[in-house]
Amino acid sequence: MKNSVRASELGLKLVDRARRLKKWNKTAEAWFSSALTSRATLNRFWARQPIRCDTFIAICDAVGV
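Under my numbering, the first residue of the sequence shown carries the number 205, and numbering increases by one thereafter.
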């Protein structure tokens, strides 16, 4: 997949901490809706699978990282 990235273990820890502060579960509708993506893509993010760079940034921005 061109222009794709995947989360690091440290990155997931940072995102997980921010997610818990918002009281969101790992696939919260508010999260993937805010990031303009899908639950499936959010699942791929947590599984450390490659996703599009712009989507990765949107997921992190939506949770405040």
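Here a beta-carbon is modelled for each residue, glycine too, at the ideal position from N, C-alpha and C.
Source: prediction; values computed, not measured.
Quiz item: Buried or exposed: which applies to Ile261, given that a residue is buried once 16 or more other Cβ atoms fall within 10 Å of its Cβ?
Solution: If you number the sequence shown from 1, residue 261 lands on position 57. Per the 10 Å Cβ criterion, exposed.
Quiz item: Is the beta carbon of Val269 sitting closer than 8 angstroms to the one on Val219?
Solution: Within the sequence shown, residue 269 is the residue found at index 65, counting from 1. Within the sequence shown, residue 219 is the residue found at index 15, counting from 1. Yes, the Cβ-Cβ distance between Val269 and Val219 is below 8 angstroms.
Quiz item: Is Arg273 helix, strand or coil when you go by DSSP?
Solution: Since the first residue of the chain shown is 205 and the last is 269, residue 273 is not available in this structure.
Quiz item: Three or more beta-carbon pairs under 8 angstroms between the segment 224 to 239 and the segment 248 to 264, yes or no?
Solution: yes
Quiz item: When you compare only the Cα positions, how much space is there between Lys225 and Lys217?
Solution: Within the sequence shown, the letter at position 21 stands for residue 225. Within the sequence shown, the letter at position 13 stands for residue 217. Note on identity: in this sequence residue 225 is Leu, with Lys being the wrong assignment. Approximately 13 angstroms between the Cα atoms of the pair.
Practice problem: With DSSP as the reference, label Ser237 as helix, strand or coil. | Solution: If you number the sequence shown from 1, residue 237 lands on position 33. Here Ser237 sits in helix by DSSP.
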